[in-house]
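Presented below is the structure to which this report refers.
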Amino acid sequence: MNSYYYRLTKYRKTKFIVLCILAIVIIDIFILMGNFSSTLYSSESLAPHLATFLAGSSLGHMMQIILIWFLPIFLLIMCADSYIQDYRTGYRYIVATKKGRFSYYKTMLFGNMSFSFLVIVCCLLFNMFITYLVFMNGEFDQGLSPDLFPENPLYILVNSMPTISNVIYIIIFGFFTSLCAGMATVLSWCFTDMKYTYPLSFVIWFSQILGLHHSLALIIQPFNEVNLEDFIFIFFKSTILFLAIITIGFIYKVKSDEV
Numbered sequence: 175m176n177s178y179y180y181r182l183t184k185y186r187k188t189k190f191i192v193l194c195i196l197a198i199v200i201i202d203i204f205i206l207m208g209n210f211s212s213t214l215y216s217s218e219s220l221a222p223h224l225a226t227f228l229a230g231s232s233l234g235h236m237m238q239i240i241l242i243w244f245l246p247i248f249l250l251i252m253c254a255d256s257y258i259q260d261y262r263t264g265y266r267y268i269v270a271t272k273k274g275r276f277s278y279y280k281t282m283l284f285g286n287m288s289f290s291f292l293v294i295v296c297c298l299l300f301n302m303f304i305t306y307l308v309f310m311n312g313e314f315d316q317g318l319s320p321d322l323f324p325e326n327p328l329y330i331l332v333n334s335m336p337t338i339s340n341v342i343y344i345i346i347f348g349f350f351t352s353l354c355a356g357m358a359t360v361l362s363w364c365f366t367d368m369k370y371t372y373p374l375s376f377v378i379w380f381s382q383i384l385g386l387h388h389s390l391a392l393i394i395q396p397f398n399e400v401n402l403e404d405f406i407f408i409f410f411k412s413t414i415l416f417l418a419i420i421t422i423g424f425i426y427k428v429k430s431d432e433v
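The numbering of the sequence shown is this note's numbering, which starts it at 175 and goes up by one.
Rendered as structure tokens:
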């Protein structure tokens, strides 16, 4: 796995996308600083736990839209379409012959999933660290007090321990990022042409983002009013879909690919 990570880090496009993701979460901080420029560094500024990227407090939510909506495109460019390059160059024949088909595909799948998880989680934790420094004096909670929805135990729990909740939601988003990367990876195995892999990956991911009450976006954004029942339903609905695509694609490719 370490050799696969090393290979990914040598790609210019991988470095470029990592920098793009980092830039997106940093730009969101500057947007928030502009939104609260008149009260910045005072108690009237935004509470730090609401300034994190996933909390989505910046006006317009532009950075969140760019990263979350188009996440599969970022992941494909960063690492998930590496098989398409191997297929075109013939490198897959060399590696698969040496290591075996199962080992080759397993390493690529779990390598892309874990690498994507680490990149997203590290970038969002960095964003959280900076926002907690910049807005450390802020106390404005946008009216989102823990007792706003007394009938919603999940809302009360999340808002009663905001810092821990931010970290947990970052990990949850990292989890779905890894599943998205896995889904995009197996699609690149089955459709070795970018004009099919990219749109199909985007459509499948966006189908989970769409929806008012059962959108995946509801369980990756902390401090909203989604209840526990909807949270569990959305979590397992999306997880099962992505795992089904990954499992079917992996089994199909290992058994059908003639190396």
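No residue lacks a Cβ here, since even glycine has one placed at the ideal position from N, Cα and C.
In this text, all values refer to a predicted model and were calculated from it rather than measured experimentally.
**Item:** Boundaries (first-last residue) of the alpha helix (DSSP H) holding residue 296
**Value:** Unbroken alpha helix (DSSP H) run through residue 296: 275–308.
**N- and C-terminal bounds of the alpha helix (DSSP H) containing residue 403** = Per DSSP, residue 403 is one residue of the alpha helix (DSSP H) stretching across 402–430.
**Request:** Report the three-state DSSP secondary structure of residue 397 (helix, strand or coil).
**Result:** Look at residue 397 here: in three-state DSSP terms it is coil, with no helix or strand label.
**Prompt:** Helix, strand or coil: which one does DSSP assign to residue 220?
**Reply:** The three-state reading of DSSP puts residue 220 in strand, counting E and B together.
**Item:** Residue of 293, 313 and 401 minimising C-alpha distance to residue 329
**Value:** Of the listed residues, the one whose Cα sits closest to residue 329 is 401.
**Within the stretch 200–273, ranges of the alpha helix (DSSP H) (whole runs, at least 4 residues)** = Restricted to the stretch 200–273, the alpha helix (DSSP H) segments that are unbroken, complete and at least 4 residues in length are 245–249, 256–263 and 265–273, listed in chain order.
**Asked** Three-state secondary structure (DSSP) at residue 314?
**Response** DSSP places residue 314 in strand when its eight states are reduced to three.
**the stretch 309–323 / the stretch 382–390 touching (three or more Cβ pairs under 8 Å)** = Not touching, per the Cβ criterion.
**Request:** Measuring alpha carbon to alpha carbon, tell me which of 247, 244, 248 and 206 ends up nearest residue 230.
**Result:** Ranked by how close their Cα comes to the Cα of residue 230, the residues 247, 244, 248 and 206 have 206 in first place.
**Asked** Between residue 201 and residue 191, what straight-line distance do the alpha-carbon atoms span, to the nearest angstrom?
**Response** C-alpha separation (whole angstroms): 15 Å.
**Item:** Environment of residue 393 [buried if 16+ CB atoms lie within 10 Å]
**Value:** Counting every other CB atom within 10 Å of its CB across the protein chains shown gives residue 393 a total of 16 or more, marking it as buried.
**Message:** Applying the 10 Å Cβ sphere with the 16-neighbour rule, what's the burial state of residue 418?
**Reply:** Residue 418 should be labelled exposed.
**Item:** Cα-Cα separation between residue 326 and residue 194, rounded to whole angstroms
**Value:** If I take the Cα positions, the gap works out to 37 Å.
**Residues near residue 278 by beta carbon distance below 6 Å, same chain, minus five either side** = The beta carbon of residue 278 is closer than 6 Å to those of 269 and 270 in its chain, skipping five residues each way along the sequence.
**Asked** So residue 324 is in the alpha helix (DSSP H); what residue range does that whole segment cover?
**Response** Counting along the chain, residue 324 falls outside any alpha helix (DSSP H), and DSSP gives it neither H nor E.
**Prompt:** Leaving out the 5 sequence neighbours to the left and right, which residues in its chain are closer than 6 Å to residue 260 when beta-carbon positions are compared?
**Reply:** Short of 6 Å from the beta carbon of residue 260, and not among the five residues preceding or following it, lie these beta carbons of its own chain, in chain order: 266.
**Request:** Express the C-alpha separation of residue 303 and residue 312 in angstroms, rounding to a whole number.
**Result:** If I take the Cα positions, the gap works out to 15 Å.
**Inter-residue spacing [alpha-carbon to alpha-carbon] between residue 287 and residue 305** = The straight-line gap from Cα to Cα measures roughly 27 Å.
**Closest residue to residue 358 among 262, 255 and 403 (Cα-Cα distance)** = The residue with the shortest Cα to Cα distance from residue 358 is 255.
**Asked** Quick one, which of 181, 378 and 204 has its alpha-carbon nearest residue 411's?
**Response** Out of 181, 378 and 204, 378 has the C-alpha closest to the C-alpha of residue 411.
**Asked** Which value, in whole angstroms, describes the spacing of the CA atoms of residue 331 and residue 293?
**Response** C-alpha separation (whole angstroms): 28 Å.
**Message:** Along the chain, where does the alpha helix (DSSP H) containing residue 350 start, and where does it finish?
**Reply:** In this chain, the alpha helix (DSSP H) harbouring residue 350 covers 336–364.
**Asked** Is the CB-CB distance between residue 221 and residue 314 below 8 Å?
**Response** Yes, Cβ-Cβ distance for residue 221 and residue 314 is below 8 Å.
**Message:** Is it buried or exposed, residue 257, if we count other Cβ atoms within 10 angstroms and call 16 or more buried?
**Reply:** Answer is buried; the Cβ neighbour count reaches 16.
**Message:** What residue range does the alpha helix (DSSP H) around residue 369 cover?
**Reply:** Element bounds for residue 369: 368–383.
**Asked** Would the C-beta of residue 354 count as close to the ligand ADP, meaning under 7 Å from any of its heavy atoms?
**Response** Here there are no bound small molecules, and the ligand ADP is not part of this structure.
**Asked** Which value, in whole angstroms, describes the spacing of the CA atoms of residue 343 and residue 407?
**Response** For residue 343 and residue 407, the distance between alpha carbons rounds to 16 Å.
**Backbone CA spacing between residue 209 and residue 232 [nearest angstrom]** = Cα to Cα, residue 209 sits roughly 7 Å from residue 232.
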